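Participant: Residues in the sequence shown are numbered from 91 upward in steps of one, following this note's numbering. Built from N, CA and C at the ideal position, the CB exists for glycine as well. Values in this document were obtained by computation on a predicted structure and should not be read as measured data. After the structure tokens below, expect a handful of questions from me.
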Amino acid sequence: MIASSSSQLKIKSKVQEYLIGRHLEAIVPPLSYKEIGKVDQAQLIYGCYPKVVLSKEKEIILKQLFQDYITKDIIEILKVGKPDIMQKLITLLAHSSGQLVNYNQLATDCRASITIIQHYCAILEKTYTISKIKPFVGNKRKEIVSNPIYYFIDNGFRNQALRRFSKDEKRNDIGLLVESAVFQEILKYKEQNFYDFDIHFWRTQSGAEVDFVLYKTDNEFLPIEVKFRRMKRPIITRSLRSFIDAYNPKIAIVISKNFKDKIKVKDTLIHFIPFQNIIEIFDLIKSSLSL
Numbered sequence: 091m092i093a094s095s096s097s098q099l100k101i102k103s104k105v106q107e108y109l110i111g112r113h114l115e116a117i118v119p120p121l122s123y124k125e126i127g128k129v130d131q132a133q134l135i136y137g138c139y140p141k142v143v144l145s146k147e148k149e150i151i152l153k154q155l156f157q158d159y160i161t162k163d164i165i166e167i168l169k170v171g172k173p174d175i176m177q178k179l180i181t182l183l184a185h186s187s188g189q190l191v192n193y194n195q196l197a198t199d200c201r202a203s204i205t206i207i208q209h210y211c212a213i214l215e216k217t218y219t220i221s222k223i224k225p226f227v228g229n230k231r232k233e234i235v236s237n238p239i240y241y242f243i244d245n246g247f248r249n250q251a252l253r254r255f256s257k258d259e260k261r262n263d264i265g266l267l268v269e270s271a272v273f274q275e276i277l278k279y280k281e282q283n284f285y286d287f288d289i290h291f292w293r294t295q296s297g298a299e300v301d302f303v304l305y306k307t308d309n310e311f312l313p314i315e316v317k318f319r320r321m322k323r324p325i326i327t328r329s330l331r332s333f334i335d336a337y338n339p340k341i342a343i344v345i346s347k348n349f350k351d352k353i354k355v356k357d358t359l360i361h362f363i364p365f366q367n368i369i370e371i372f373d374l375i376k377s378s379l380s381l
């Protein structure tokens with residue numbers, strides 16, 4: 091028997107104790123850009139759930155998916171006692187996606203306890219709505235070591251939570267949508283291939299930050315910066331230079347809007363890859379992490 095989505099949640103909630111050693115769980119994420127066969131604005135705005143990708147009525151489908159998630163998965167199956175708090179939390183997380191999480195502030199804004207907020211965040215993770223990444227820690231005195239960051243598993247779901255489907259390239263969260271899409275594609279690549287590496291972010295007390303650090307061992311890690319802007323020449327941010335100075339990675343990646351090149355800084359070969367060519371990063375991930 092194969093069970094997915096709400097069916098899987100319903101079965102697990104009732105007979106989980108009888109399934110020990112008798113079932114296999116596999117994560118089936120939204121479609122990847124490689125599977126869709128193109129990288130365009132539609133995926134950034136509406137996400138990559140198969141039904142959404144194939145439909146001309148994308149906003150209607152997303153609205154229904156969101157409502158089903160709240161009413162069926164959250165209320166009926168998981169028996170979340172305060173769905174209004176959960177819905178408020180989803181909206182707040184959609185606003186703060188890609189930023190350091192402050193559970194105290196979330197609790198205040200939702201008028202709930204920190205315990206409830208953390209529990210509800212865990213539910214959102216278990217139902218593959220959001221994903222938490224923790225900081226990459228080397229020098230604990232200088233780096234942020236505790237606060238995590240959440241990204242939504244799908245941009246369409248995040249935008250539905252905010253009811254924000256503007257296709258204007260000047261929308262103030264376009265950089266975040268690209269950053270989220272990069273995270274989502276890396277996560278899909280990892281899960282679909284059953285690869286064993288962790289996805290972190292790096293941030294220092296002084297404000298230096300690198301969006302993602304893929305970590306396998308102390309000698310196998312890869313920093314990735316997302317800078318969705320036009321470049322005419324290689325631009326190395328102070329943050330990336332700080333990471334290179336601190337950790338001397340063999341390879342680094344910068345995702346830009348249009349620029350493609352590679353240069354060497356110290357012993358680090360930095361690859362500049364346009365977002366349209368994001369699929370190219372997977373060979374670099376595979377080689378740098380020895381997958």
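1. Which residue or residues does DSSP assign as beta-bridge partners of Ile290?
2. Could you pull out every residue in the same chain whose Cβ sits closer than 6 Å to the Cβ of Ala298, ignoring the five residues on either side in sequence?
3. Counting along the chain, where does the alpha helix (DSSP H) carrying Ser329 start and finish?
4. What are the boundary residues of the beta strand (DSSP E) that Glu233 is part of?
5. Beta strand (DSSP E) containing Ala271: first to last residue?
6. Identify every residue that forms a DSSP beta bridge with Val344.
7. Using a Cβ-Cβ cut-off of 8 Å (strictly less than) and excluding sequence neighbours within five positions of Tyr218, which residues of its own chain qualify?
8. Quick one: measure Cβ to Cβ for Ile220 and Tyr240, integer angstroms, because I've assumed they're closer than 8 Å.
9. In the DSSP assignment, the beta strand (DSSP E) including Asp351 goes from what residue to what residue?
10. Tell me the rounded alpha-carbon separation between Phe226 and Ala184.
11. So what does Phe242 bridge to, in DSSP terms?
12. Please report the Cβ distance between Ile368 and Val129, rounded to the nearest whole angstrom; I am assuming they are in contact, meaning their Cβ atoms lie under 8 Å.
13. Could you name the residues of the same chain whose beta carbon sits closer than 6 Å to that of Thr294, not counting the 5 residues immediately before and after it, in chain order?
14. Measuring CB to CB, does Phe156 end up less than 8 Å from Ala271?
15. Is the distance from the Cβ of Leu379 to the Cβ of Leu277 below 8 Å?
16. Spatial neighbours of Leu182 within its chain, please: CB distance less than 8 Å, with the 5 preceding and 5 following residues excluded, ordered by chain position.
17. Secondary structure at Leu214, three-state DSSP: helix, strand or coil?
18. Below 8 Å on the Cβ atoms is my contact criterion, and I expect Pro313 with Asp351 to pass it. Report the Cβ-Cβ distance as a whole number of Å.
19. Output the distance between the C-alpha atoms of Ser145 and Ile151, rounded to the nearest integer angstrom.
20. I need the straight-line Cα distance from Lys354 to Ile165, nearest angstrom please.
21. Quick one: residues in its chain with C-beta nearer than 6 Å to the C-beta of Leu381, no 5 flanking neighbours on either side, listed in chain order?
22. By the three-class DSSP mapping on this structure, what secondary structure does Leu190 have?
23. Along the alpha helix (DSSP H) that carries Ser377, what are the first and last residues, could you check?
24. Between which two residues does the alpha helix (DSSP H) carrying Val143 extend?
25. Report all residues from its chain with a CB closer than 8 Å to the CB of Lys257; omit the five preceding and five following residues, and keep chain order.
26. Let me know the secondary structure DSSP gives Glu310 once reduced to three states.
27. Give me the Cα-Cα distance between Lys169 and Lys153, rounded to the nearest whole angstrom.
28. If you reduce the DSSP assignment to three classes, tell me which class Met321 lands in.
Facilitator: Working from what's here:
1. Start at 1 with the first residue of the sequence shown, and residue 290 comes out as number 200. A quick correction: the sequence has His, not Ile, at residue 290. In the DSSP output, where bridge partners are listed per residue, His290 has Lys224 and Val303.
2. By 1-based counting over the sequence shown, the position of residue 298 is 208. Cβ neighbours of Ala298 beyond the five flanking positions: Ser329 and Ser332.
3. Within the sequence shown, numbered from 1, the residue matching residue 329 stands at position 239. In the DSSP annotation of this structure, the continuous segment of the alpha helix (DSSP H) that includes Ser329 starts and ends at Arg328 to Tyr337.
4. For the purposes of this step, residue 233 is taken as the residue at position 143 of the sequence shown. For Glu233, there is no enclosing beta strand (DSSP E), as DSSP gives it neither H nor E.
5. Within the sequence shown, numbered from 1, the residue matching residue 271 stands at position 181. Careful: Ala271 lies outside any beta strand (DSSP E), inside the alpha helix (DSSP H) at Ile264 to Gln282.
6. Residue numbering aside, residue 344 sits at position 254 when the sequence shown is read from its first letter. Looking at the DSSP assignment, Val344 forms a beta bridge with Glu315 and Phe362.
7. Counting from 1 along the sequence shown, the entry for residue 218 is found at position 128. Taken in chain order, the residues that qualify are Ile117, Pro119 and Ile243.
8. Start at 1 with the first residue of the sequence shown, and residue 220 comes out as number 130. Start at 1 with the first residue of the sequence shown, and residue 240 comes out as number 150. The pair is a contact, with the Cβ atoms about 5 Å apart (cut-off 8 Å).
9. Position 261 of the sequence shown, counting from 1, holds the residue named residue 351. Looking at the DSSP string, the run of the beta strand (DSSP E) that includes Asp351 is Asp351 to Val355.
10. Counting from 1 along the sequence shown, the entry for residue 226 is found at position 136. Counting from 1 along the sequence shown, the entry for residue 184 is found at position 94. Phe226 and Ala184: Cα-Cα distance of roughly 23 Å.
11. As a working mapping, residue 242 is identified with position 152 in the sequence shown. Looking at the DSSP assignment, Phe242 forms a beta bridge with Ile220.
12. Position 278 of the sequence shown, counting from 1, holds the residue named residue 368. Position 39 of the sequence shown, counting from 1, holds the residue named residue 129. The Cβ separation is near 6 Å, so the contact holds.
13. Residue 294 sits at position 204 when you count from the first residue of the sequence shown. Excluding positions up to five away in sequence, the list reads Lys232 and Glu233.
14. As a first step, residue 156 is located in the sequence shown; it is residue number 66 there, counting from the start. As a first step, residue 271 is located in the sequence shown; it is residue number 181 there, counting from the start. No, they are not a contact pair.
15. Numbered from its first residue, the sequence shown carries residue 379 at position 289. Numbered from its first residue, the sequence shown carries residue 277 at position 187. Their beta carbons are not under 8 Å apart, which means Leu379 does not touch Leu277 by this criterion.
16. Counting from one through the sequence shown, the residue named residue 182 turns up at place 92. Leaving aside the five residues that flank Leu182 on each side, the residues in its chain whose CB is nearer than 8 Å to its CB run, in chain order, Leu196, Asp199 and Cys200.
17. Position 124 of the sequence shown holds residue 214. If DSSP states are grouped into helix, strand and coil, Leu214 belongs with the helices.
18. Locating residue 313 in the sequence shown gives position 223, counting from the first residue. Locating residue 351 in the sequence shown gives position 261, counting from the first residue. For Pro313 against Asp351, the beta-carbon gap comes to about 17 Å, at or over 8 Å, which does not count as contact.
19. Here residue 145 refers to the residue found at position 55 when the sequence shown is read from its first residue. Here residue 151 refers to the residue found at position 61 when the sequence shown is read from its first residue. Their Cα atoms are separated by approximately 8 Å.
20. Translated into positions along the sequence shown, residue 354 becomes position 264. Translated into positions along the sequence shown, residue 165 becomes position 75. Cα to Cα, the separation comes out at about 53 Å.
21. On the sequence shown, residue 381 is found 291 positions in, with the first residue counted as 1. Take Leu381, set aside five residues on each side of it, and the residues of its chain with a beta-carbon closer than 6 Å to its own are Tyr285, in chain order.
22. Here the question's residue 190 lines up with position 100 in the sequence shown. If DSSP states are grouped into helix, strand and coil, Leu190 belongs with the strands.
23. For the purposes of this step, residue 377 is identified with residue 287 of the sequence shown, where counting begins at 1. Here the alpha helix (DSSP H) through Ser377 covers Ile371 to Ser378.
24. Reading the sequence shown from its first residue, position 53 is the one you call residue 143. In the DSSP assignment, Val143 falls within the alpha helix (DSSP H) that extends over Pro140 to Leu144.
25. For the purposes of this step, residue 257 is identified with residue 167 of the sequence shown, where counting begins at 1. Hits under 8 Å: Gln131 and Ile135.
26. Residue 310 sits at position 220 when you count from the first residue of the sequence shown. Correct three-state label for Glu310: strand.
27. The residue you call residue 169 lines up with position 79 of the sequence shown. The residue you call residue 153 lines up with position 63 of the sequence shown. Each residue's CA atom was taken as its position, placing Lys169 and Lys153 some 21 Å apart.
28. Residue numbering aside, residue 321 sits at position 231 when the sequence shown is read from its first letter. The answer is coil: DSSP assigns Met321 none of H, G, I, E or B.
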